[in-house]
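*Asks:* Attaching a single structure in structure tokens format; questions to follow.
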Amino acid sequence: MDKNHDSDQRSPLAAELRELRDLPARLHVDPLEKRWIYVALAMVGTFVAAILYTGLVKHVHPPGAMETIDSARLHLSEEFAEDRLGVATLPDGSIRVTLVAARYGFYPREIRIPAGQPVTFRVASADVLHGIHVPMTNMATMVVPGYVSTLTTTFPKPGEYPMLCNEYCGMGHDHMWSKVTVVSRESWQSGTTQTTGR
Ligand code: CUA
């Protein structure tokens with residue numbers, strides 16, 4: 004004790020630090036205020052835990068790889084030329100959908116894909132900013148001209164879904180949509196030869 008006291012006198016910094024340390028005990032915090040501080044801390048803790056859980060356990064990450072493309076020359080590109088668009092089953096069995104978003108539609112206008120199996124979409128815009136969204140599913144991304152948007156998702160239920168544009172892109176924005184038919188795995192396997200593009 005004595006030693007501390009001596010050192011305080013010698014160093015003003017130590018005295019200040021000590022004062023700072025004792026501050027919370029001297030502060031008057033109303034019980035109601037204190038309760039709300041705990042509520043706020045619990046909320047911050049919940050949000051941090053949710054971010055860590057989705058990032059580390061569920062692997063939900065913001066898109067990392069940026070892929071650029073010349074939107075004005077899509078028709079000449081290796082991947083987005085007109086005859087390359089559509090649904091393709093790759094050699095490893097995975098399914099890839101290549102789409103071009105352009106005023107006012109997603110091309111091809113109709114696609115057929117299986118349920119319960121991951122499908123990777125690769126989308127590029129031929130003109131302006133579009134958004135691609137299949138309601139009632141988590142298939143949604145922006146399609147920014149000059150970039151390739153890639154997204155992998157699984158459609159749980161067979162059915163017919165509209166594929167809508169959800170970024171205002173001009174007078175025809177309201178009418179910019181295409182049709183997605185999700186078929187059961189069985190009918191996909193029996194009919195797959197007619198529908199593969201590449
Ligand atoms: Cu395309 Cu709105």
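One rule links them: number in the working numbering = place in the sequence shown (from 1) + 3.
Glycine is no exception: its CB is placed at the ideal position from the N, C-alpha and C atoms.
Who's in the neighbourhood of the ligand CUA, going by beta-carbon under 5 Å from any heavy atom, listed in chain order?
*Replies:* His133, Cys168, Cys172, His176, Met179
*Asks:* Assign glutamate 189 to buried or exposed, taking buried as 16 or more other Cβ atoms, counted over all protein chains shown, within 10 Å of its Cβ.
*Replies:* exposed
*Asks:* Cutting at 8 Å between CB atoms, please list the residues of its own chain near valine 131, excluding the five before and the five after it.
*Replies:* Arg106, Pro148, Cys172, Gly173
*Asks:* According to DSSP, simplified to helix, strand and coil, what is phenylalanine 50?
*Replies:* helix
*Asks:* Could you tell me whether the stretch 67 to 80 touches the stretch 148 to 165, using the rule of 3 or more Cβ pairs below 8 Å?
*Replies:* yes
*Asks:* I'd like to know if the stretch 112 to 130 and the stretch 43 to 53 are in contact, where contact means that at least 3 CB-CB pairs between them fall below 8 Å.
*Replies:* no
*Asks:* Is the Cβ-Cβ distance between threonine 184 and threonine 155 less than 9 Å?
*Replies:* no
*Asks:* Provide the residue span of the beta strand (DSSP E) that contains glutamate 85, from first to last.
*Replies:* Unbroken run through glutamate 85: none, as it is neither H nor E.
*Asks:* According to the neighbour-count rule (16 or more other Cβ atoms, all chains shown, within 10 Å of its Cβ), is glycine 194 buried or exposed?
*Replies:* exposed
*Asks:* Using the C-alpha atoms, what's the distance from threonine 140 back to proline 161?
*Replies:* 12 Å
*Asks:* Among the residues of its own chain, which have a CB less than 6 Å from the CB of leucine 59, if the five just before and after it don't count?
*Replies:* Same-chain partners within the cutoff: there are none.
*Asks:* Beta carbon of tyrosine 110, beta carbon of glutamate 85: below 9 Å?
*Replies:* yes
*Asks:* Report all residues from its chain with a CB closer than 7 Å to the CB of arginine 99; omit the five preceding and five following residues, and keep chain order.
*Replies:* Ala91, Leu93, Thr123, Arg125
*Asks:* When the distance is taken between beta carbons, is glutamine 120 closer than 9 Å to tryptophan 191?
*Replies:* Pairing tryptophan 191 with glutamine 120 gives a Cβ-Cβ distance under 9 Å.
*Asks:* Here's the rule: buried if 16 or more other CB atoms are within 10 angstroms of the residue's CB, otherwise exposed. What is leucine 79?
*Replies:* exposed
*Asks:* Go through the stretch 149 to 195 residue by residue and report every complete run of the beta strand (DSSP E) that reaches 3 residues or more, in order.
*Replies:* 151 to 157, 162 to 168, 180 to 186
*Asks:* Based on the DSSP output, what are the partners of valine 131 in its beta bridges?
*Replies:* Answer by DSSP bridge pairing: none, since valine 131 is not bridged.
*Asks:* At a cut-off of 8 Å, would you count glycine 194 as near the ligand NAP, judging by its Cβ distance to the nearest heavy atom?
*Replies:* With respect to the ligand NAP, the structure shown offers nothing to examine, as its ligands consist of the ligand CUA.
*Asks:* Helix, strand or coil, according to DSSP, for glutamate 22 in the structure here?
*Replies:* helix
*Asks:* Applying the 10 Å Cβ sphere with the 16-neighbour rule, what's the burial state of serine 152?
*Replies:* By the neighbour-count criterion, in which 16 or more other beta carbons inside 10 Å mark a residue as buried, serine 152 falls on the buried side.
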